[in-house]
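The working numbering numbers the first residue of the sequence shown as 13 and each following residue consecutively.
We put the beta carbon where it would ideally sit given N, CA and C, even for glycine.
As structure tokens, the structure follows; a few thoughts come after it.
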Amino acid sequence: MKCRRIIYTSQSTKQFNKRDLLDLLHDSRAFNTMDNISGVLMHKNGLFLQIIEGKSKDLENLIERLRRDTRHNNLKIIDDQLVEDRIFANWSMGCADFDDPTLSLIPGIRTDLSDPTVIKKLITNLPELVTLLLQNND
């Protein structure tokens with residue numbers, strides 16, 4: 013079934029520690045479950061890259077809520093498209109904390125989430141990213 017997928021970046025407004033990230037994930041999972049939104053959040057050095065999937069209206073409402081969230085700013089939509097299937101259908105919100113040194117990365121891709129080239133590679137390599145995240149989100 014067709015759905016919409018939005019990929020965006022944003023900048024945290026404060027230093028994010030593990031507890032802050034867990035709190036953010038808890039909130040995201042609660043809202044996303046209610047709204048039937050799936051996705052994954054990536055974090056590195058105060059930068060976020062998030063992939064969200066769901067019905068257009070639900071994603072539009074979420075983006076508006078995110079724009080008002082004071083935990084981050086500079087929200088930029090990187091990619092917005094209709095897709096045949098969800099990649100993250102089983103996750104209300106998966107997470108990849110690239111500040112965590114135990115996380116293995118996709119070979120050849122640096123995780124500088126502020127670099128547009130890296131973001132394009134992540135988008136291009138979504139299947140590999142999903143495999144990586146599945147290994148670390150079980």
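If you reduce the DSSP assignment to three classes, tell me which class residue i lands in.
i	result
Met13	coil
Thr45	helix
Lys88	strand
So the candidates are the options; which of them puts its Cα closest to the Cα of residue i?
i	options	result
Gln62	Asp97, Lys69, Met54	Met54
Trp103	Thr45, Leu33, Gln27	Thr45
Asp91	Asp97, Asn85, Glu65, Thr82	Glu65
Asp97	Arg31, Ile49, Asp32, Thr25	Ile49
Gly106	Leu74, Ser24, Gln93, Leu34	Leu34
Leu59	Lys88, Arg16, Cys15, Arg41	Lys88
Ser68	Arg41, Asn57, Leu94, Val52	Leu94
Arg16	Thr82, Arg31, Lys56, Gly51	Gly51
Keeping to the same chain, check which residues put their C-beta closer than 6 Å to that of residue i; ignore five residues upstream and five downstream.
i	result
Arg80	none
Gly120	Low confidence applies here, because Gly120 scores a pLDDT of 40, under 50, leaving its location unreliable; read the following figure in that light. The answer is none, since no qualifying residue turns up.
Could you tell me which residues DSSP puts in a beta bridge with residue i?
i	result
Thr21	Leu61, Lys88
Can you list, in chain order, the residues of its chain whose CB lies under 8 Å from that of residue i, leaving out five sequence neighbours each side?
i	result
Phe43	Ile49, Leu74, Arg77
Ser22	Leu59, Phe60, Gln62, Leu78, His84, Asn85, Asn86, Leu87, Lys88
Beta-carbon within less than 7 Å of residue i's beta-carbon, same chain only, minus the 5 sequence neighbours each way: which residues are those?
i	result
Asp32	none
Leu36	Arg83
- Query: What are the complete alpha helix (DSSP H) segments, minimum 4 residues, inside the region 23 to 78?
  - Reply: 30 to 47
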